[in-house]
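Protein chains in written order, with my numbering: chain A, 27 to 135; chain B, 431 to 740; chain C, 22 to 416; chain D, 256 to 446. The structure under discussion appears below in the form of structure tokens.
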Amino acid sequence: MAKWDIETIGEWDWRQFPLGAVIPESGNSRDYVTGGWRSERPVRDKETCTQCLLCWISCPDSAIYVEDEQLPDESFNLAHCKGCGICANVCPVEAITMVPEGCDLPEVK
Amino acid sequence: MATLKELTHREDRLAGGHRLCAGCGASIAVRQVLLGAGVEPVVVGCATGCLEVSTTIYPYSSWKTPFIHNAFENAAATVSGVESAFKALQRAGKIPADKKMKFVAFGGDGGTYDIGLQSLSGAMERGHDMVYVCYDNGAYMNTGIQRSSATPKGAWATTAQVGAAQQGKLQGRKDLTQIMAAHNIPYVAQASISHWKDLTTKAEKAFAVEGPAFLNVFAPCPRGWRLAYNKSVEISKIAVQTGFWPLYEVEDGVWRQTVKVHNRKPIEEFLKPQGRFKHLFKPENADLLAEIQSDVDRAWEQLQKRFETA
Amino acid sequence: MAEQKTVAATGNTVVAEAMRQCKPDVVAAYPITPQTTIVEEYAGFVAKGRVHTEYVTVESEHSAMSACIGASAAGARVMTATASQGLALMWEELHIASGMRLPIVMANANRALSAPINIHCDHGDAMGARDAGWIMYFAESAQEAYDNTIMALKVAEDPSVLLPAMSCLDGFITTHSIDRVDVLDDESVAGFVGEYEPANALLDTDDPVSHGAFAGLGGPFFEFKRAQREAMEAARPVITSVGEAYSQLSGRPFDVIETFGMEDAEVAAVVIGSASGNARHIARQLRAQGVKAGVVKVRVFRPFPYAELAEALRGVKAVAVLDRAESFGAEGGPLFLEVRSALYDASDRIPVVSYIYGLGGSDVRLELMERMFADLSDIAAGSAQPGKLVYLGAR
Amino acid sequence: MQQLTEIRWHARAGQGAVTAAKLVAETALELDQYIQAMPEYGPERMGAPIQAFTRISPQPIEIHCNIENPNVVVVLDESLLATVDVARGVTEDGVVIVNTCKTPGQIRTELGLDSGKVACIDASGIALDTLKRDIPNTPMIGALAKATGLFDLRPVIDHLQKTFGKKFTQDVIDANVACVTRAYEEVAIDG
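Structure representation (structure tokens):
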């Protein structure tokens, strides 16, 4: 369906809301940013990474991108990643490190 | 049984931007279950709880599937109604006869083991073509860590506290998976988010059977367990390795262990990382700790007897 | 007018018949006295292959309404039936059905609520659900139970309404009595109710929607409730127009209230359900004796016909409101509270007395109605003051 | 037929009074009357004394309550006379019909009735003869038809054949018709 336009929802009156509190668009939480919850962000060392995808299957926030069965260079959706660190924890080759938000990022190879 | 690379071709049916805690086991469980559902459309029902609240905060929904939440204790009954509507509308010719659709209900342990057990039992007995998935985090986490009948013995909870007169929950867990197996439905399994291949395979089987299926999925709550956020998957693996959460399935009445554990680790390895069990490691609680180990051993041995040895 | 068949049947039999004729896709129900024979009859239709309905034999009324909600949200036409404790067990779900704007139609066989346990008629069950956001019809007879059930479906499913509706009939008195009923033919009913066009059907997998979202603090909960109230208001003209159309089809008049002798009544009783005829019977006798007695029967309780009642009671000198239900701690029964509220804006202050009668199936003897009208005549003549509340027929 | 006929049935649960109340109402409907038939429901089980009611009227029936002043009382079980005041409230010109081997005179004395009609019929005996079971309800309908003049035998038989035809074998239907006919003929009426 066409995207449900909720830009001005804060100003809607009762007539403008869909019937019965239905949300007429599926999966639109993709537009909601939970990245601000994060105090640490994951950083992946592409050299070390074996593309096993364990991080992807274990992410609670659907925040890891996969393209053509591979993690792309920019592999984390930082709009959604809450920085839980599960990806780093499950990585069998320690290719992912969690680095504090707001600090200078280490050089990414 | 799909490989991880193969699974990446399937749609991830839970969108990000939901507001579950960092490190939540429930959303990992949902992603893995729905990846196992294959390509047919899935309709999702959800009991009131963390998962439901955090994925549908108006006006946002994280569900890329049709989704319905009704109340706390009735996810199974609600989805059974949805599935019945599908059958009737197909019979009436309003939905094409060849259209396939899958139905799944998710509930936490509170909404499944406790308040929703009757509704679940009824739906399973009636034979609806649906999968019920319990994401078991062992307490009422949505409302702030109250004990449920899935809370392990000795665990601290806000309604099973630790003090001079009581050391957390006094009672052991209800064995819901076996209760569901006793319904003689086509497929029942116990799975864990730490074993993605086992879980997605079980989900595939559950969705494939005609009739009701039940999955009990171990899904930690870092917040309620007083556990580091990054340990959800790790602790789930330990739960399996200690025998606290055996992985098995009951397919058409045949019990089969799906992940063998040859040298079970001591239960302490499961308990120690979790703040909710901290008090068990005081010297005066040594007996309780031993009792918990012996409970696990006994349950494990009893379960082994049910497995087909083939 | 449609072709009709005159039958000797119980209220429950003709309600089941009305349900069958409305062709629901899903019926999810649990047996409870005195509703049980409705779902038994329906099970018979299913077994004989007379309906396409998916009949879900749930394990409780809570699950009955839960499954109805799931099915209705899915896009199906859904009907069910319950009574008493069953309705009480559904309480939570009643609000969810209306909040989700699902046009489920439910027959309710009015029965007293425990304790002590009792299986007989009163309106305590339905009145307990009066603020649940359901349209509520009440039947005096099996005929009305049949007619109301069909009309309720048409009203509930109207796109400007989309609210659940209850079709109430008195336990045993109406549910189990054999009565003379004129039943429409199947085609006429099917044509009258038409096809249901669901909004936001869950089974539309091409355009997935989410039902039952969380609208907490700061969310639009308040606005959704406002919309629900407007829907209930919107139901008023629809109830009337559906009633008119149904009258044309059946030849039976319909109005949200039914009056007897109110053109010139000095004393009047307002009543709901099967006791209405008892009141009318006595009023008829009194009129023959020169007493200007009248009766107002309330056929639709939600939305409540305030304007119609105020109009009907204009100029009356004393009014009795007969409640077959309690509202403990209130000044009278639920109907009394509504009627007095309806009269608040009337220019003349009409004395209104609350009568509680017939609880737990206590027989509504004609002599009780005589006594009530005699009280009213005394009040109208100024020889007695209206009392607070009368327990009519209790020892 | 008079304005409104109110019939009160007394029996023990299981004797078929509810069915009889219904059959009489249905027969009246076939004659284009307005009707009501209702058992007085309770938690009682097999054997307990019960009441049932039938109303018949050429006008629509608007009252819904138990029958306090019946025009007709039908007693399916004579033993109830000892424990239940079956004649309570019966109208001056009312008819009391009892399943008994006794005479109307004896029953009139037993009930202390000094007005109206009393009718006696050995309905159980007739049922045992024809149905081979003590189900006195259909013979009582035959007796009722005769004693009250509410309707002739023919519509009763027609209706029996129509409704029983859906559920029972021809033997059973014939036996019931025989029951009704015999009772219609044999009922003893006093007054």
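C-beta: ideal position from N, C-alpha, C; glycine also.
Proximity of chain B to A/V119 at the Cβ level (cut-off 9 Å) is not reached, the minimal Cβ distance being about 15 Å.
Any Cβ of chain C closer than 8 Å to the Cβ of A/L80 would place that residue at the interface, and such an atom is absent.
Three or more beta-carbon pairs separated by less than 8 Å are not found between the segment 140-150 of chain C and the segment 236-248 of chain C, which leaves the two stretches without contact. Within 10 angstroms of the beta-carbon of D/W264 lie 16 or more other beta-carbons, which makes it buried. Along the length of the segment 62-144 of chain C, whole beta strand (DSSP E) runs at least 3 residues long occupy 75-77, 99-103 and 126-131, reported in chain order. By the neighbour-count criterion, in which 16 or more other beta carbons inside 10 Å mark a residue as buried, C/E165 falls on the buried side. In this structure, the beta-carbon distance from B/L434 to A/I122 does not fall below 8 Å. Think of a sphere of 9 Å around the beta carbon of B/I668: no beta carbon from chain C falls inside it, the nearest being about 33 Å out. Restricted to the segment 657-736 of chain B, the beta strand (DSSP E) segments that are unbroken, complete and at least 3 residues in length are 678-681 and 684-687, listed in chain order. Membership of B/C564 in the beta strand (DSSP E) is indicated by the continuous run V561 to D566. According to DSSP, residue pairing for C/A339 in a beta bridge involves C/V288. Assigned with DSSP and collapsed to three states, D/H265 falls in strand. In the DSSP assignment, B/A619 forms a beta bridge with B/L645 and B/E679.
Among the CB atoms of chain C, none fall inside 8 Å of the CB of B/T573. Inclusion of A/E120 and B/T438 in the CB contact set at 8 Å is not warranted, their separation being larger than that value. When the beta-carbon positions are compared, C/V48 and C/T31 stay at least 8 Å from each other. Burial is judged here by how many other beta carbons sit within 10 angstroms of a residue's own beta carbon; D/M293 has at least 16 and is buried.
In the three-state scheme derived from DSSP, where H, G and I count as helix and E and B as strand, C/T226 is classed as coil. A distance below 8 Å between beta-carbons, with the five flanking residues on each side excluded, links D/D377 to the following residues of its chain, in chain order: N354, T355, C356 and E441.
Closest in C-alpha terms to B/N567, from the list B/M431, B/C454, B/T688 and B/L519, comes B/C454. Taking 7 Å as the Cβ-Cβ cut-off, the segment 222-249 of chain C approaches chain A at D228, P229, V230, S231, H232, A234, A236, P241, E244, F245, R247 and A248, given in chain order. For A/D39, the chain C residues whose Cβ falls inside 8 Å of its Cβ are E244, in order along the chain.
Residues of chain A whose Cβ lies closer than 7 Å to the Cβ of B/R449 are, in chain order, T60. Contact annotation: in the segment 381-392 of chain C, residues whose CB is within less than 7 Å of a CB in chain D are D384, V385, R386 and L387. In this chain, the beta strand (DSSP E) harbouring B/H499 covers F497 to H499. Where C/F281 is concerned, the enclosing beta strand (DSSP E) starts and stops at I278 to F281. Of the residues A/I35, A/C75 and A/G109, the one whose Cα lies closest to the Cα of A/C85 is A/G109. Per DSSP, C/Y217 lies in no beta strand (DSSP E) and is assigned neither H nor E. Taking 8 Å as the cut-off, the beta carbon of D/L415 is found closer than this to the beta carbon of D/T393. Across the structure, D/V279 and C/S375 are spaced so that their CA atoms are roughly 39 Å apart. In this structure, DSSP gives A/R56 a helical state, which the three-state scheme calls helix. A residue is called buried once 16 or more other Cβ atoms fall within 10 Å of its Cβ, and B/M610 is buried on that count. With fewer than 16 neighbouring CB atoms inside 10 Å of its own CB, B/Q596 falls in the exposed class.
In the DSSP assignment, C/F159 falls within the unbroken beta strand (DSSP E) covering I156 to F159.
Secondary structure note for C/G298: its alpha helix (DSSP H) is the uninterrupted segment A296 to A309. Residues of chain B with a Cβ closer than 8 Å to the Cβ of C/E75 are, in chain order, S514, A515, K517, A518 and R521.
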